[in-house]
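What follows is one structure encoded as structure tokens, with my remarks underneath.
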Amino acid sequence: MPLTVLKRIGDLEVKPTRMSLLMADGFPKRPYGVVEDVMVQINNLRFLVDFVVLEMEENAEIPIILGRPFMKMTKVIINIDEGTIALKDQEEEVNEEKRNNKGAGVHQNPLKEHEGPRPSLPVQFNKKFWVVKELRADGLIEIESPTSRRTKKVNRKLLKTSWCIEGKGDTKIKDVA
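Counting along the sequence shown from 1, when you hit position 125 you're at 125 in the UniProt record's numbering, and nothing is skipped either side.
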């Protein structure tokens, strides 16, 4: 949970933690703290959830991330083919239908064309995977190789916001049952 969301909610006790998280960009980050037993309501279901609080930029579309422990506790069933998500507690079940991304393959670019590079975004440069490190005032974008930590300053036009190799088709995944 971003610190800004925590402050907006208010009245939650933040406990210090010694944990260190390895972020998607490969850098470790120390959390601001941990908040325990926060009541989360999804439709008519309520759950007590623990959150790790980070000082990070808030994403308006995804204000908090509910991870694997939450999915286990709520007995989440995700049906990729149907585009549905089901959550359960002792007596009730909630079903959500998500059709907006139905049919999007693994190798399709999930970003909209009008979205530009932003820090921590994976990008493709010279057919290799890079991560946006900084948007510079001079208009250049600093990118970093996640494997070697080598950095480059490049023009936005040279980047692709898809991290898959061009020309690669959708991955076909079949159920083995």
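Each residue gets a CB set at the ideal place from its N, CA and C atoms; glycine is no exception.
These numbers come from a predicted model, not from an experiment.
Sorting Asp37, Leu87, Gly26, Leu6 by C-alpha distance to the C-alpha of Asn43 places Leu87 at the top. Look at Lys72 here: in three-state DSSP terms it is helix. Per DSSP, the continuous alpha helix (DSSP H) segment holding Arg8 begins and ends at 3-9.
Look at Lys15 here: in three-state DSSP terms it is strand. In the structure shown, the three-state DSSP call for Lys127 is coil. The continuous stretches of beta strand (DSSP E) do not include Phe27, and DSSP gives it neither H nor E. Segment contact: the region 143-151 against the region 118-134, three or more CB-CB distances shorter than 8 Å; contact assigned. With respect to Ile62, Met1 sits apart: the two C-beta atoms are not nearer than 8 Å. Contact annotation: Asp50 and Val35 have beta-carbon atoms nearer than 8 Å.
Under DSSP, Pro122 shares a beta bridge with Val131. Secondary structure at Arg46: strand, using DSSP grouped into helix, strand and coil. When the Cα atoms are used, Ile77 and Phe47 turn out to be separated by approximately 16 Å.
With a contact defined as Cβ atoms closer than 8 Å, Val38 and Leu12 qualify at about 6 Å. Rounded to the nearest whole angstrom, the CA to CA distance from Met23 to Val123 is 16 Å.
Ile143 has Val132, Lys152 as its beta-bridge partners, per DSSP.
Taking the Cα of Thr74 as reference, the smallest distance to any Cα among Ile80, Leu54, Met56, Asn95 is reached at Asn95.
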